[in-house]
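**Q** Using the working numbering, the letters of the sequence shown correspond one by one to residues 39 to 357.
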Amino acid sequence: MKKIGVLTSGGDAPGMNAAIRSVVRKAIYHGLEVYGIKYGYQGLIDGDIEKMELGSVGDIIQRGGTKLYSARCEEFKTEEGQLKGIEQMKKHGIEGLIAIGGDGTFMGAKKITEKGYPCIGVPGTIDNDIPGTDFTIGFDTALNTIIDAIDKIRDTATSHERTFIIEVMGRDAGDLALWAGLADGAESIIIPEADDDFEDIIDRLKRGHDRGKKHSIIIVAEGVGSAVDLGNKIDEAAGLESRVTVLGHTQRGGSPSAADRVLASRLGAYAVDLLLNGHAGRMVGIQQNKLVDHDIVEILNTKHKIDFDMYRLSKELSI
Ligand code: F6P
Numbered sequence: 039m040k041k042i043g044v045l046t047s048g049g050d051a052p053g054m055n056a057a058i059r060s061v062v063r064k065a066i067y068h069g070l071e072v073y074g075i076k077y078g079y080q081g082l083i084d085g086d087i088e089k090m091e092l093g094s095v096g097d098i099i100q101r102g103g104t105k106l107y108s109a110r111c112e113e114f115k116t117e118e119g120q121l122k123g124i125e126q127m128k129k130h131g132i133e134g135l136i137a138i139g140g141d142g143t144f145m146g147a148k149k150i151t152e153k154g155y156p157c158i159g160v161p162g163t164i165d166n167d168i169p170g171t172d173f174t175i176g177f178d179t180a181l182n183t184i185i186d187a188i189d190k191i192r193d194t195a196t197s198h199e200r201t202f203i204i205e206v207m208g209r210d211a212g213d214l215a216l217w218a219g220l221a222d223g224a225e226s227i228i229i230p231e232a233d234d235d236f237e238d239i240i241d242r243l244k245r246g247h248d249r250g251k252k253h254s255i256i257i258v259a260e261g262v263g264s265a266v267d268l269g270n271k272i273d274e275a276a277g278l279e280s281r282v283t284v285l286g287h288t289q290r291g292g293s294p295s296a297a298d299r300v301l302a303s304r305l306g307a308y309a310v311d312l313l314l315n316g317h318a319g320r321m322v323g324i325q326q327n328k329l330v331d332h333d334i335v336e337i338l339n340t341k342h343k344i345d346f347d348m349y350r351l352s353k354e355l356s357i
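#1: Three or more C-beta pairs under 8 Å: does that hold for the region 146 to 161 against the region 268 to 275?
#2: Does the Cβ of V62 have 16 or more other Cβ atoms within 10 Å, making it buried, or fewer, making it exposed?
#3: Determine, using beta carbons only, whether I334 and G319 come nearer to each other than 8 Å.
#4: Terminal residues of the continuous alpha helix (DSSP H) containing Q126?
#5: On the DSSP letters alone, give me the boundaries of the alpha helix (DSSP H) that G246 sits inside.
#6: In whole angstroms, what is the alpha-carbon distance linking G286 and D233?
#7: By alpha-carbon positions, which one of S197, T174 and T143 ends up nearest to A211?
#8: Should V266 be labelled buried (16 or more other beta-carbon atoms within 10 Å of its own) or exposed?
#9: Y73 lies in the beta strand (DSSP E); which residues open and close that run?
#10: Where does M321 fall in DSSP's three states?
#11: Using three-state DSSP, classify S197 as helix, strand or coil.
#12: I58 and L313 look like a contact to me (Cβ under 8 Å); what is the Cβ gap, rounded to whole Å?
#13: Going by DSSP in three states, I257 sits in which element: helix, strand or coil?
#14: When you compare only the Cα positions, how much space is there between K149 and K252?
#15: Spell out the partners DSSP gives I203 in its beta bridges.
#16: Is I228 a contact residue of ligand 1, with contact defined as CB to any heavy atom under 7 Å?
#17: Apart from the five residues on each side of it in sequence, which residues of its chain come closer than 6 Å, Cβ to Cβ, to G81?
#18: In angstroms with no decimal places, state the Cα-to-Cα distance between I168 and G140.
#19: Looking only at its chain, what residues have a beta carbon closer than 6 Å to the beta carbon of G131, apart from the 5 residues adjacent to it on each side?
#20: Residues in the same chain with beta-carbon distance under 7 Å from A65, minus the five sequence neighbours each way, listed in chain order, please.
#21: Throw me the rounded Cβ distance for the K244 and A276 pair, which I believe falls under 8 Å.
#22: What does DSSP give as the partner residue(s) for D378 in the beta ladder?
#23: Rounding to the nearest angstrom, what Cα-Cα distance links K153 and G223 in this structure?
#24: Where does the unbroken alpha helix (DSSP H) through G269 begin, and where does it stop?
#25: Classify G48: buried if its beta carbon has 16 or more other beta carbons within 10 angstroms, exposed otherwise.
#26: Do the CB positions of L181 and L135 come within less than 8 Å of each other?
#27: Using DSSP bridges, identify the partner residues of S226.
#28: With hydrogens ignored, establish whether the beta-carbon of D165 is closer than 7 Å to any heavy atom of ligand 1.
#29: Just to check, is the beta-carbon of G212 closer than 7 Å to a non-hydrogen atom of ligand 1?
#30: At the level of alpha carbons, what is the spacing between G119 and L338?
#31: Please report the residue range of the beta strand (DSSP E) in which E88 lies.
Here it is in structure tokens:
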């Protein structure tokens, strides 16, 4: 293999730039040519492709977003779109591809691999919803952004003795809500993976209030539904004053944490190693701090699981 491509696709995540840098530098270190494909699979279809040099990835390790831009591409879900992408790979002489993103990205990588062009997936999403890896690139940074926001909200919540319902991202997964709730001592954490007892949420709020607590924090994963609706229900049932904050896309931005930069650097380089060693259709990950790789089809067919021990602990600590 002499020429490889790299792209980022789906929702951007802090640390994607560090992963791009790692892929480019590691590939050049091994004598490969690297091509950056802009706007994910849309750029592959459109031929928005340019050669990357060592300097192309200078001064980006600390930056959020993705230097290669990103997109959610409907056309690439079709056979026609995939064939257009393959044509562009042929035209540029690209023999293998590293695709950084979430499960939609891996579906594209699987299709390209099936058409004879080896692809390796690198998990980059703030949602941490990819099986086969303990952490995805961007999760740690997003988590720290959430914690920072909640710490600020606590100040005003105490001043007014209010309950705050905070909605966090995560698509269908509750990881961001669970980790943020545990890290910030939330009264309740509401996630799609667990059936929550509304009465229990209200009881916790009332117990805290009766004990003299000056504020309460409830974290809701977006996959559960609207935090605004929940806030109205809670207001009515608990008779306490509440406010809702939806953190939204602030969670996707910002300079990546040290943990995300290191993770991205390790995973990007490992993906290059796999391509060089003749592997195809794999996803790289980290499990118990060891680099691992899995069949991408297996990953796509596996459901992500939440850590229920952590969920139980959060309940025990917020009695
Ligand atoms: O997958 C990352 C993510 O931020 C999810 O948490 C969220 O549901 C979704 O992307 C939002 O997507 P968009 O930026 O396209 O609105």
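For glycine and all other residues, C-beta sits at the position ideal for the given N, C-alpha and C.
**A** According to the data block:
#1: Under the Cβ criterion (8 Å, minimum of three pairs), the region 146 to 161 does not count as touching the region 268 to 275.
#2: Numbered from 1 along the sequence shown, position 24 holds the residue referred to as residue 62. In this structure V62 is buried. Its beta-carbon is surrounded by 16 or more other beta-carbon atoms within 10 angstroms.
#3: Position 296 of the sequence shown, counting from 1, holds the residue named residue 334. Position 281 of the sequence shown, counting from 1, holds the residue named residue 319. Between I334 and G319, the gap from beta carbon to beta carbon is short of 8 Å.
#4: By 1-based counting over the sequence shown, the position of residue 126 is 88. In the DSSP annotation of this structure, the continuous segment of the alpha helix (DSSP H) that includes Q126 starts and ends at E117 to H130.
#5: Residue mapping note: residue 246 aligns to position 208 of the sequence shown, counting from 1. Start and end: F236 to D248.
#6: Counted from its first residue, the sequence shown places residue 286 at position 248. Counted from its first residue, the sequence shown places residue 233 at position 195. Spanning the alpha carbons of G286 and D233 requires a straight line of approximately 24 Å.
#7: Along the sequence shown, one-based indexing puts residue 211 at 173. Sorting S197, T174 and T143 by C-alpha distance to the C-alpha of A211 places T174 at the top.
#8: In the sequence shown, the residue the question calls residue 266 occupies position 228. Note on V266: under 16 other CB atoms within 10 angstroms of its CB, so exposed under the neighbour-count rule.
#9: Residue numbering aside, residue 73 sits at position 35 when the sequence shown is read from its first letter. Boundaries of the beta strand (DSSP E) around Y73: E71 to I75.
#10: Here residue 321 corresponds to residue number 283 of the sequence shown, with the count starting at 1. Here M321 sits in strand by DSSP.
#11: Position 159 of the sequence shown holds residue 197. If DSSP states are grouped into helix, strand and coil, S197 belongs with the helices.
#12: The count along the sequence shown starts at 1 and reaches residue 58 at position 20. The count along the sequence shown starts at 1 and reaches residue 313 at position 275. Rounded, the Cβ-Cβ distance is 15 Å, inconsistent with contact.
#13: The residue you call residue 257 lines up with position 219 of the sequence shown. I257 falls in the strand class under three-state DSSP.
#14: Locating residue 149 in the sequence shown gives position 111, where the first residue counts as 1. Locating residue 252 in the sequence shown gives position 214, where the first residue counts as 1. Cα atoms of K149 and K252: separation of roughly 54 Å, rounded to the nearest angstrom.
#15: Within the sequence shown, the letter at position 165 stands for residue 203. Secondary-structure assignment with DSSP links I203 through a beta bridge to I256 and V282.
#16: Indexing the sequence shown from 1 puts residue 228 at position 190. Incorrect: I228 has no Cβ contact closer than 7 Å to ligand 1.
#17: Translated into positions along the sequence shown, residue 81 becomes position 43. Cβ neighbours of G81 beyond the five flanking positions: I75.
#18: On the sequence shown, position 130 is the one that residue 168 refers to. On the sequence shown, position 102 is the one that residue 140 refers to. I168 and G140 have their alpha carbons spaced roughly 7 Å apart.
#19: Translated into the one-based positions of the sequence shown, residue 131 becomes position 93. For G131, the CB contacts under 6 Å within the same chain, skipping 5 residues up- and downstream, are K41 in chain order.
#20: Translated into positions along the sequence shown, residue 65 becomes position 27. The residues are I42, V72 and V310.
#21: Residue mapping note: residue 244 aligns to position 206 of the sequence shown, counting from 1. Residue mapping note: residue 276 aligns to position 238 of the sequence shown, counting from 1. With 8 Å as the limit, K244 and A276 qualify as a contact, their Cβ atoms being about 6 Å apart.
#22: Absent from the structure is residue 378, since the part of the chain shown begins at 39 and ends at 357.
#23: Within the sequence shown, the letter at position 115 stands for residue 153. Within the sequence shown, the letter at position 185 stands for residue 223. Rounded to the nearest angstrom, the two C-alpha atoms are 49 Å apart.
#24: Here residue 269 is taken as the residue at index 231 of the sequence shown, counted from 1. A265 to A276 is the span of the alpha helix (DSSP H), which, as asked, contains G269.
#25: Numbered from 1 along the sequence shown, position 10 holds the residue referred to as residue 48. With 16 or more Cβ atoms within 10 Å of its Cβ, G48 is classed as buried.
#26: Against the sequence shown, residue 181 aligns to sequence position 143. Against the sequence shown, residue 135 aligns to sequence position 97. In this structure, L181 keeps its C-beta atom at 8 Å or more from the C-beta atom of L135.
#27: Within the sequence shown, numbered from 1, the residue matching residue 226 stands at position 188. BP columns for S226 point to I256.
#28: Against the sequence shown, residue 165 aligns to sequence position 127. Because some heavy atom of ligand 1 lies under 7 Å away, the Cβ of D165 counts as near it: yes.
#29: As a working mapping, residue 212 is identified with position 174 in the sequence shown. Shortest gap from the CB of G212 to any heavy atom of ligand 1: 7 Å or more.
#30: For the purposes of this step, residue 119 is taken as the residue at position 81 of the sequence shown. For the purposes of this step, residue 338 is taken as the residue at position 300 of the sequence shown. Take the alpha-carbon of G119 and the one of L338: they are about 20 Å apart.
#31: Sequence index remark: in the sequence shown, residue 88 carries index 50 (1-based). Start and end: I87 to M90.
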